[in-house]
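**Student:**
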Amino acid sequence: MIDSTLQLPLSAPQRDFWEAALAYPVPSTHIYAAEYFEIRGALDTDAFERALRQVIREAQTLHTTRIVLDGDTPVRVLDAALADDWALERVDLAGTKDAHAVALAGMRAHCTGAIELARGPFFRHTLYRIAPDHYYWYHGYAHILVDGYSGSLIATRAAELYSAFAAGAKAPPARFASLAELQLDEDAYRASEQFAHDRRYWLERFADQPRTVTLAGPARFPERDDGPDLRETRIASASESARIEAVAKGLFTSTVPRLVTALTAAYLYLNTGAHDIVLSVAAMARTSARERRTPTQCANMLPLRLHVEPGHTLDDLCRQANREMTALRQHQRYRMGDLHRELTSLDNGQGVFGPEINIMAFDYDLRFGDCVTTSHNLSVGTTDDLMVNLTDRRNGEPLRFDFDASPQYYSRDALNAHVGQFLTFMRVALDEPFATLGALESRLDFQPAALAG
438 MIDSTLQLPL SAPQRDFWEA ALAYPVPSTH IYAAEYFEIR GALDTDAFER
488 ALRQVIREAQ TLHTTRIVLD GDTPVRVLDA ALADDWALER VDLAGTKDAH
538 AVALAGMRAH CTGAIELARG PFFRHTLYRI APDHYYWYHG YAHILVDGYS
588 GSLIATRAAE LYSAFAAGAK APPARFASLA ELQLDEDAYR ASEQFAHDRR
638 YWLERFADQP RTVTLAGPAR FPERDDGPDL RETRIASASE SARIEAVAKG
688 LFTSTVPRLV TALTAAYLYL NTGAHDIVLS VAAMARTSAR ERRTPTQCAN
738 MLPLRLHVEP GHTLDDLCRQ ANREMTALRQ HQRYRMGDLH RELTSLDNGQ
788 GVFGPEINIM AFDYDLRFGD CVTTSHNLSV GTTDDLMVNL TDRRNGEPLR
838 FDFDASPQYY SRDALNAHVG QFLTFMRVAL DEPFATLGAL ESRLDFQPAA
888 LAG
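Residue numbering for the sequence shown is 438 to 890, as defined by this note's numbering.
1) Beta carbon of GLY664, beta carbon of PRO844: below 8 Å?
2) Taking DSSP's pairing of strands, which residues face PHE474 in a bridge?
3) Per DSSP, which residues does GLU526 bridge with? Please list them.
4) Among the residues of its own chain, which have a CB less than 7 Å from the CB of ASP584, if the five just before and after it don't count?
5) I need the straight-line Cα distance from MET438 to ARG487, nearest angstrom please.
6) For LEU892, tell me which candidate among ALA524, THR692, TYR704, LEU667 has the shortest Cα-Cα distance.
7) Counting pairs of Cβ atoms below 8 Å between the stretch 820-836 and the stretch 621-637, do you hit three or more?
8) Assess contact between the stretch 799-808 and the stretch 636-650, defined as three or more Cβ pairs (one per stretch) separated by less than 8 Å. Is contact present?
9) Give me whichever residues DSSP pairs with ALA720 in a beta bridge.
10) Figure out for me which residue from ALA479, LEU554, ALA536, GLN497 has the closest Cα to the Cα of HIS467.
11) On the three-state DSSP scale, how would you describe GLU834?
12) Taking 6 Å as the limit between beta carbons, can you name the residues of its chain near ALA675, skipping five residues before and five after?
13) Can you name the residues that DSSP bridges to ARG513?
14) Under a Cβ-count criterion, where at least 16 other Cβ atoms within 10 Å of its own Cβ denotes burial, should ALA866 be classed as buried or exposed?
15) On the three-pair Cβ rule with 8 Å, is the stretch 495-503 touching the stretch 544-564?
16) For a test of the three-state rule: what should DSSP assign to ILE681, helix, strand or coil?
17) Output yes or no for whether 8 Å exceeds the beta carbon distance between GLU472 and TYR573.
18) Identify which residue in SER717, THR861, LEU751, ARG760 has its Cα closest to the Cα of LEU741.
19) What would DSSP say about ASP440, mapped onto helix, strand or coil?
20) Can the beta-carbon of ASP529 be found closer than 8 Å to that of GLN444?
21) Does DSSP put ALA842 in a helix, in a strand, or in coil?
22) The beta strand (DSSP E) that contains VAL825, what's its start and end?
23) Give a yes or no on whether the C-beta atoms belonging to CYS808 and ARG477 are separated by under 8 Å.
24) What would DSSP say about ALA886, mapped onto helix, strand or coil?
25) Would CYS755 pass as a contact of LEU852 if the rule is Cβ separation under 8 Å?
Below you can see the structure in the form of structure tokens.
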């Protein structure tokens with residue numbers, strides 16, 4: 438037995454990341470959840486650090502010091518002392534030429550580096566002073582410990598604590614559950630009839646063994662290197678965001694995430710001619726109250742299947758997306774690692790079920806006392822194909838699209854071409870959501886052959 442304050446087996450979601458880490462000579466991860474908040478106002482930096490330190494004390498997953506094998510079992514070793522044994526990096530860039538670029542380079546250097554699982558560290562917080570009353574707060578975590586939703590829980594709690602400290606008020610009580618409590622939820626699920634029911638659903642839904650469809654060309658090199666994904670970001674204008682939301686509301690019981698899912702399936706069809714489309718869809722997989730209020734790693738990636746014909750309209754595809762997404766959410770706890778082992782027809786050698794959809798619709802209207810914030814995502818993990826990330830902060834900010842691509846299969850030029858064509862198609866489809874795809878295709882000048890990686 439390893440001598441430590443606390444030792445716990447990896448959770449089922451964490452084991453998916455552990456298996457990916459074994460691809461390296463020394464188990465390592467290059468997969469991060471990272472973002473920064475732009476903070477404007479007279480921030481009390483000492484109160485800010487005090488708030489962060491309390492959050493770290495409360496979030497037990499961040500007490501992890503190493504992830505190692507105990508015999509044949511991968512375990513996480515935790516030490517409560519780590520809650521105080523870390524440094525908030527403070528960087529004063531006020532007066533520095535292009536302070537934004539300097540700060541961004543520092544943040545990206547962290548969230549694209551390697552973390553050796555046997556050593557850590559597994560998180561970093563940096564406070565950049567850009568100018569008087571203007572700060573960037575970076576927080577980045579090894580994805581094996583936390584998912585994107587955890588970042589929102591941590592940020593929300595930090596803002597809550599800071600605001601209480603600034604007002605001289607009593608801090609609201611902690612709400613995070615312990616990892617042992619979360620393990621009880623997981624053990625209960627895997628022993629339940631729901632687990633067996635979920636497994637039956639997935640095996641029956643893909644019993645005819647469909648193949649995955651991808652926009653990727655042949656591998657550009659034999660193995661994925663340690664470099665970051667390619668990323669192209671496009672922020673919709675206020676009018677474009679309003680248009681997307683209005684069309685979603687006008688279609689059959691649709692939402693913006695399901696509209697974007699339908700658009701992605703249609704785009705894949707228009708580029709490949711394939712009618713049976715399987716997408717990889719990120720799911721929160723937080724079904725218990727304890728999971729929904731606690732920073733940890735729960736996220737799942739599951740296959741969503743749509744049938745696309747030239748006679749279908751965007752409205753038709755939204756109807757399908759609604760049905761399939763509802764079913765997916767009902768069975769979202771069944772792990773992607775288990776599905777990869779059982780749904781062998783979907784194994785395309787890239788580790789995913791097809792191009793990925795990741796929706797981040799978190800309420801991020803955070804204030805640190807009187808200071809206002811704007812959030813900026815830097816990393817949602819990594820992709821082995823192409824990922825469409827949609828960020829909807831639900832606070833009046835425009836919708837943000839981040840297109841991530843594996844450099845093993847896509848060049849920068851290919852990614853840019855796909856981004857341009859996807860957004861062009863989206864605008865055309867939004868103007869005529871009841872036109873058939875065949876009719877829309879005649880208005881587009883797609884050149885799929887030119888988009889190979």
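In this text, a Cβ means the ideal position worked out from N, Cα and C, and glycines have one as well.
Everything numeric in this text was worked out from a predicted model, so none of it was measured.
**Tutor:** On the basis of the coordinates in this document:
1) Against a cut-off of 8 Å, the Cβ pair of PRO844 and GLY664 comes out as a contact.
2) DSSP, once it has assigned bridges, lists TRP574, SER812 as partnering PHE474.
3) Listed as beta-bridge partners of GLU526 by DSSP are THR563.
4) Only ALA470, GLN734, CYS735, ALA736 meet the Cβ criterion.
5) The predicted position of MET438 is uncertain, since its pLDDT is 43 and thus under 50; a value taken from the coordinates is nonetheless stated next. Straight-line Cα distance between these residues: approximately 35 Å.
6) Residue 892 is absent from the model: the chain starts at 438 and stops at 890.
7) Between the stretch 820-836 and the stretch 621-637, the count of Cβ pairs shorter than 8 Å is below three; the stretches do not touch.
8) At 8 Å Cβ cutoff, the stretches do not touch.
9) In DSSP, ALA720 forms a bridge with ASN737.
10) Nearest C-alpha to HIS467: LEU554.
11) Note: GLU834 maps to coil in three-state DSSP.
12) Residues PRO835 of the same chain have their beta carbon placed closer than 6 Å to that of ALA675, with the five preceding and five following residues left out of the count.
13) Residue pairing of ARG513 in beta bridges, as defined by DSSP: LEU445, ILE504.
14) Only buried fits ALA866, as 16 or more other CB atoms lie within 10 angstroms of its CB.
15) Output reads yes: the stretch 544-564 touches the stretch 495-503.
16) Helix, per DSSP.
17) It is not a contact, given that the beta carbons lie outside the stated cut-off.
18) Closest by alpha carbon: SER717.
19) For ASP440, the pLDDT reaches just 45, beneath the cut-off of 50, and the residue's location in the model is therefore unreliable, although a value from the coordinates is still provided. Three-state DSSP puts ASP440 in coil, outside helix and strand.
20) Inclusion of ASP529 and GLN444 in the CB contact set at 8 Å is not warranted, their separation being larger than that value.
21) It is a strand residue.
22) Segment 823-828, the beta strand (DSSP E) holding VAL825.
23) Closer than 8 Å, so yes.
24) Confidence at ALA886 is low in this model, with a pLDDT of 45, below 50, so its placement is unreliable and no value can be given for it.
25) Not in contact: CYS755 and LEU852 (Cβ atoms no closer than 8 Å).
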